[in-house]
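Working notes, beginning with the structure itself.
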Amino acid sequence: MRGPHDVGGLDFGPVDPAEHELTFWEKQIDAIRAVIGAKGLVTTHENRRTIEQMGNDIYDTLNYYERWTAALQRQMVDKGILAQDEIDARVAQVRKRLADTGELELNAGSN
Amino acid sequence: MSATLKAGDIVRVRDDYPIGHIRTPVYIRGKTGRVEKYFGDFGNPETLAYCLPTDDRPLYKVRFLQSELWPTYSGSARDSVELDLYEHWLEKV
Amino acid sequence: MSDHDHHHHDHDHDHDHGHDHAHPFQDDDKVHSYYQILGQAMKELLIEKGVVTADEVRAALERRDGITPANGSKVVARAWTDPAYRERLFKDANAAVAEFGIDMPTTHLVAVENTEDVHNVVVCTLCSCYPRDLLGLPPAWYKSKAYRSRVVHEPRAVLEEFGTALPDDVEVRVHDSTADMRYLVIPRRPAGTHGMSEEQLRALVSRDTMIGVTTVQPPSAK
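Chains as they are written, first to last, in the working numbering: chain A, -15 to 95; chain B, 18 to 110; chain C, 1267 to 1488.
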């Protein structure tokens, strides 16, 4: 009867207090989400709902900002803002660029 | 919807399990606590999450004793958990 | 994690049981996940289509980078030293933090005060609600299933994992942020800080004390 996110009262073991410095990639996803949110395109409530609906396996396998990325993809397609085909094509392009240069060119993408 | 509960009221959380986006965690459903504060009225996340129009719902801070939530709780008898819960999840006892 | 098990020396993290921890995607990692590539692809498409602009994304990044727990520390130190401010803070926390130029337009801040009798600790069992405008982005452990699952039913054990032992006559009060409220713990001012300035006091107040997993140590113990 629990969604994958609803973990209060369970026991997932000792807390690892190690600091994890966010990577540029993670901060960038956070920033894109913030802009999308500020424009009213996707609310926090919708974002939570999308993540909760991923199911246990995906929720547990993806890390925090991977879940946010996956949620953004789903929302953009659902709202007709991006088409899945164009996302797939761009993923292939980025992957090729990555194979060629060995880098993600994280700062690229602005015209 | 106007607030029908007030600080000091004893309430029980509904023990229901509809499927959807719900901000009332499973661990608190069916439990009894005490209203500490009425925060005001807020949009209902259960409809907002599906981009549906919402009315505003009274939101309360409710305190539960750990011993009410977990029969085996071993800390102080005064230890507590507080959650922010919407009125439609609460029944006055 | 055992010592012989280190694969990434600098960025190595224990994965908790639910693999909820952020994987160490560092910029220098050569292996990029599908989702990392997907994130880049969507950023490019959203900018090309004018849904967001590169400047907006950059501004949001800079805004986030500019928010550190120092924001929260200012509020705590003022509450410790200015009784009128403390009163305003507990009456209307959004207005009180706005006095420091901290704007929280979409969330309602609630300050909760640690006293001789009550120790407050904050969690979001359902996701990662956190007073980001005061403390920055939440630490990995705050988002972990380990913390979220356990702190509501064995808070004292979890606090001990952070080195915090509380006497039995102190009520441990856990705040599960399940709705529109965000919680900031105002820790207790330690003894031996009587003559200190507000600026000096700020330096004593760490992020974790404002989440409530630790307490503020007097300067001599630092």
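Just so you know, even glycine gets a beta-carbon here, dropped at the ideal spot from N, CA and C.
Remember, it's a predicted structure, so these values are computed and weren't measured experimentally.
- Since T49 (chain B) is in the beta strand (DSSP E), which residue starts that stretch and which ends it? Position 32 of the second sequence holds residue 49 (chain B). Annotation: the continuous beta strand (DSSP E) that includes T49 (chain B) extends over 49 to 60.
- Query: H1460 (chain C) versus chain B: which residues are under 7 Å apart at the beta carbon?
  - Reply: Walking along the third sequence from the start, residue 1460 (chain C) turns up at place 194. Neighbours of H1460 (chain C) on chain B: none; closest Cβ ~30 Å, over 7 Å.
- Message: Do F(-4) (chain A) and R1414 (chain C) have their beta-carbon atoms positioned less than 9 Å apart in this structure?
- Response: In the third sequence, the residue the question calls residue 1414 (chain C) occupies position 148. In the first sequence, the residue the question calls residue -4 (chain A) occupies position 12. Yes, they are a contact pair.
- Query: Quick one: Cα of R29 (chain B) to Cα of K78 (chain B), how far?
  - Reply: Numbered from its first residue, the second sequence carries residue 29 (chain B) at position 12. Numbered from its first residue, the second sequence carries residue 78 (chain B) at position 61. Their backbone Cα atoms lie some 13 Å apart in a straight line.
- Query: Do three or more CB pairs link the segment 1447 to 1461 of chain C to the segment 1370 to 1387 of chain C at distances below 8 Å?
  - Reply: yes
- Message: Tell me whether the segment 42 to 51 of chain A and the segment -1 to 19 of chain A touch, counting them as touching only if at least three CB pairs, one residue from each stretch, are closer than 8 Å.
- Response: Of all C-beta pairs linking the segment 42 to 51 of chain A to the segment -1 to 19 of chain A, three or more are shorter than 8 Å, placing the two stretches in contact.
- Item | From A:T53, A:I35, A:A2, A:A55, residue whose alpha carbon lies closest to that of L1474 (chain C) | Position 208 of the third sequence, counted from the first residue, corresponds to residue 1474 (chain C). Rather than Leu, the amino acid found at residue 1474 (chain C) in this sequence is Asp. D1474 (chain C) has its Cα closest to that of A:A2, out of A:T53, A:I35, A:A2, A:A55.
- Message: Across the segment 29 to 39 of chain B and the segment 65 to 80 of chain A, are there enough close Cβ pairs to call them in contact, namely three or more that are closer than 8 Å?
- Response: no
- Task: Would you decide whether Q1292 (chain C) is buried or exposed? Buried here means 16 or more other CB atoms lie within 10 Å of its CB.
- Result: Your numbering for residue 1292 (chain C) matches position 26 in the third sequence. Bear in mind that the predicted position of Q1292 (chain C) carries a pLDDT of just 43, short of 50, making it too unreliable to give a figure here.
- Task: Using the Cα positions of E53 (chain B) and T21 (chain B), report the straight-line distance between them to the nearest angstrom.
- Result: Within the second sequence, numbered from 1, the residue matching residue 53 (chain B) stands at position 36. Within the second sequence, numbered from 1, the residue matching residue 21 (chain B) stands at position 4. In a straight line, the C-alpha of E53 (chain B) is about 14 Å away from that of T21 (chain B).
- Message: Against chain B, does S1339 (chain C) count as a neighbour if the rule is that its beta carbon must be under 9 Å from one of theirs?
- Response: Within the third sequence, residue 1339 (chain C) is the residue found at index 73, counting from 1. So, not an interface residue.
- Query: How big is the Cα-Cα spacing for E1328 (chain C) and V1482 (chain C)?
  - Reply: Along the third sequence, one-based indexing puts residue 1328 (chain C) at 62. Along the third sequence, one-based indexing puts residue 1482 (chain C) at 216. Distance between the alpha carbons of E1328 (chain C) and V1482 (chain C): 29 Å.
- Message: If we define contact as Cβ-Cβ less than 9 Å, is A54 (chain A) a contact residue for chain C?
- Response: If you number the first sequence from 1, residue 54 (chain A) lands on position 70. With 9 Å as the cut-off, A54 (chain A) counts as an interface residue toward chain C.
- Query: What do you get for G(-8) (chain A), buried or exposed, if any count of 16 or more other CB atoms within 10 angstroms of its CB means buried?
  - Reply: Taking the first sequence and counting its residues from 1, one reaches residue -8 (chain A) at position 8. The residue is buried, with at least 16 neighbouring Cβ atoms inside 10 Å.
- Query: Ends of the alpha helix (DSSP H) at N1386 (chain C)?
  - Reply: Your numbering for residue 1386 (chain C) matches position 120 in the third sequence. Per DSSP, N1386 (chain C) lies in no alpha helix (DSSP H) segment; the continuous beta strand (DSSP E) that holds it begins and ends at 1384 to 1389.
- Query: So, does the CB of P70 (chain B) fall closer than 9 Å to a CB anywhere in chain A?
  - Reply: Mapped onto the second sequence, residue 70 (chain B) falls at position 53. No, its Cβ sits nowhere closer than 9 Å to a Cβ of chain A.
- Query: Is M1447 (chain C) helix, strand or coil by DSSP?
  - Reply: The count along the third sequence starts at 1 and reaches residue 1447 (chain C) at position 181. In the structure shown, M1447 (chain C) sits in a strand (DSSP, three-state: E or B).
- For R79 (chain A), go through chain C and note every residue whose CB falls closer than 7 Å to its CB, in chain order. Within the first sequence, the letter at position 95 stands for residue 79 (chain A). Per Cβ cutoff of 7 Å: I1303.
- Message: Taking CB distances under 9 Å as the criterion, tell me whether H1298 (chain C) reaches chain B.
- Response: Residue mapping note: residue 1298 (chain C) aligns to position 32 of the third sequence, counting from 1. Closer than 9 Å to the CB of H1298 (chain C) there is not a single CB belonging to chain B.
- Kindly indicate the opening and closing residues of the beta strand (DSSP E) around I27 (chain B). Locating residue 27 (chain B) in the second sequence gives position 10, counting from the first residue. Here the beta strand (DSSP E) through I27 (chain B) covers 27 to 30.
- When you compare each of A:T27, A:G39, A:R33, A:I16 to L1304 (chain C) by their alpha carbons, which one comes out closest? Counted from its first residue, the third sequence places residue 1304 (chain C) at position 38. The candidate whose alpha carbon is nearest that of L1304 (chain C) is A:I16.
- Task: Return the CA-CA distance between T61 (chain A) and D69 (chain A), expressed in angstroms with no decimal places.
- Result: Locating residue 61 (chain A) in the first sequence gives position 77, where the first residue counts as 1. Locating residue 69 (chain A) in the first sequence gives position 85, where the first residue counts as 1. Per the sequence shown, the amino acid found at residue 61 (chain A) is Val instead of Thr. Approximately 10 Å between the Cα atoms of the pair.
- Query: For the segment 1363 to 1394 of chain C, which residues have a CB atom closer than 7 Å to at least one CB atom of chain A, in sequence order?
  - Reply: T1391, L1392, C1393
- How many angstroms separate the CA atom of P1405 (chain C) from the CA atom of T1391 (chain C)? Position 139 of the third sequence holds residue 1405 (chain C). Position 125 of the third sequence holds residue 1391 (chain C). The alpha-carbon atoms of P1405 (chain C) and T1391 (chain C) are separated by roughly 15 Å.
- Query: Does D1434 (chain C) have its Cβ less than 9 Å from a Cβ in chain B?
  - Reply: Taking the first residue of the third sequence as position 1, residue 1434 (chain C) is located at position 168. Yes, D1434 (chain C) lies at the interface with chain B (some Cβ there is under 9 Å from its Cβ).
- Task: In angstroms with no decimal places, state the Cα-to-Cα distance between S1472 (chain C) and T71 (chain B).
- Result: Taking the first residue of the third sequence as position 1, residue 1472 (chain C) is located at position 206. Taking the first residue of the second sequence as position 1, residue 71 (chain B) is located at position 54. Distance between the alpha carbons of S1472 (chain C) and T71 (chain B) is about 39 Å.
- Going by other Cβ atoms of all chains shown within 10 Å of its Cβ, with 16 needed for buried, is G1338 (chain C) buried or exposed? On the third sequence, position 72 is the one that residue 1338 (chain C) refers to. Classification for G1338 (chain C): buried.
- Item | DSSP state of R1468 (chain C) mapped onto helix, strand, coil | As a position in the third sequence, residue 1468 (chain C) is number 202, starting the count at 1. Three-state DSSP puts R1468 (chain C) in a helix.
- Segments assigned beta strand (DSSP E), at least 3 residues, entirely inside the segment 1354 to 1429 of chain C: 1374 to 1379, 1384 to 1389
- Message: Spatial neighbours of P1246 (chain C) within its chain, please: C-beta separation below 7 Å, excluding the five flanking residues on both sides.
- Response: Residue 1246 (chain C) is absent from the structure shown; chain C starts at 1267 and stops at 1488.
- If you count every other CB in all the chains shown that lies within 10 Å of the CB of F1366 (chain C), and 16 or more means buried, which is it? Here the question's residue 1366 (chain C) lines up with position 100 in the third sequence. Exposed is the call here.
- Message: Do V1436 (chain C) and V1418 (chain C) count as a contact pair if the criterion is CB distance below 9 Å?
- Response: In the third sequence, residue 1418 (chain C) corresponds to position 152, counting from 1. In the third sequence, residue 1436 (chain C) corresponds to position 170, counting from 1. No; because the gap between Cβ atoms is not below 9 Å, this pair is not in contact.
- Determine contact between the segment 1397 to 1404 of chain C and the segment 1335 to 1355 of chain C, defined as no fewer than three beta-carbon pairs at a distance below 8 Å. yes
- Query: Does the beta carbon of E1322 (chain C) sit closer than 9 Å to a beta carbon anywhere in chain A?
  - Reply: Here the question's residue 1322 (chain C) lines up with position 56 in the third sequence. Interface residue, yes.
- alpha helix (DSSP H) runs wholly inside the segment 1293 to 1350 of chain C, at least 4 long, in chain order: List check, alpha helix (DSSP H) in window: 1300 to 1314, 1320 to 1332, 1336 to 1347.
- Query: How many whole angstroms separate the CB atoms of L16 (chain B) and Y44 (chain B), which I take to be in contact at a CB cut-off of 8 Å?
  - Reply: Examination of residue 16 (chain B) is not possible in this model, given that chain B is present from 18 through 110 alone.
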